[in-house]
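Here the structure is laid out as structure tokens; the discussion comes afterwards.
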Amino acid sequence: MITGDMGNEVIAKLLECDAMILGSPTYFADMTPELKAVIDRAGYVALANGRLFKRKIGAAVAVNRRGGAIHVQDSINHMFLMSQMIVPGSTYWNMGVGRELGEVAGDEEALNNMRDLGETIAWLLKALEAAH
């Protein structure tokens, strides 16, 4: 058992939510090691305890300067799909372009895509609620 870090707090929040958006900047065409650690720990805990993420909504978001964001999204989606989660689409890939802190805020196409993603997630949440 790992104690003394924020991992258990993060896992608890992921277990509480109905939808999660996990995102990462792109470092050497991959997600950050911090997000990878969260995915590995949370995913394993959820799988080992009866697939606790099953039928939750999960969306992957990435930021890159030149490339690699698709690989980041794919890697995040592996955990979602192997956990039997629902992965919504949007109008394009869920990625933005920027290098410096805050630079992605100038990527209007990315911002529009994220708004569409949020609307899709909200619609799915309502549909799932109505199904119960």
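Heads up, the sequence shown is in the numbering used here, so the first residue is 1088 and it goes up one at a time.
Each residue gets a CB set at the ideal place from its N, CA and C atoms; glycine is no exception.
Selection from the options that minimises the alpha carbon distance to residue i
i       : options                               : result
Val1159 : Pro1120, Gly1189, Val1097 and Gly1091 : Pro1120
Asn1095 : Arg1142, Gly1110 and Ala1129          : Ala1129
Leu1188 : Leu1102, Ile1098 and Ser1111          : Ser1111
Thr1207 : Ala1133, Arg1152 and Ala1106          : Ala1106
Leu1113 : Leu1139, Ala1217, Arg1142 and Val1148 : Looking at the sequence shown, residue 1113 is not Leu but Thr. Here the closest residue by C-alpha is Val1148.
Asp1161 : Lys1143, Arg1152 and Asn1181          : Asn1181
Met1169 : Asp1127, Val1097 and Lys1100          : Asp1127
Ala1197 : Leu1212, Leu1211 and Ser1177          : Ser1177
Ile1108 : Ala1124, Asp1117, Met1093 and Lys1143 : Lys1143
Span of the alpha helix (DSSP H) around residue i
i       : result
Lys1164 : Note on residue identity: the sequence assigns Asn, not Lys, to residue 1164. Segment Ala1156 to Met1169, the alpha helix (DSSP H) holding Asn1164.
Delimiting residues of the beta strand (DSSP E) encompassing residue i
i       : result
Ile1144 : Ile1144 to Asn1151
Gly1091 : Here Gly1091 belongs to no beta strand (DSSP E), and DSSP marks it neither H nor E.
Ile1173 : Counting along the chain, Ile1173 falls outside any beta strand (DSSP E), and DSSP gives it neither H nor E.
Local conformation of residue i per DSSP, three classes
i       : result
Asp1117 : strand
Leu1122 : helix
Gly1130 : helix
Leu1109 : strand
Lys1100 : helix
Which runs of the beta strand (DSSP E), 3 residues or longer, sit entirely within the segment 1178-1217? 1182-1184, all fully within the segment 1178-1217.
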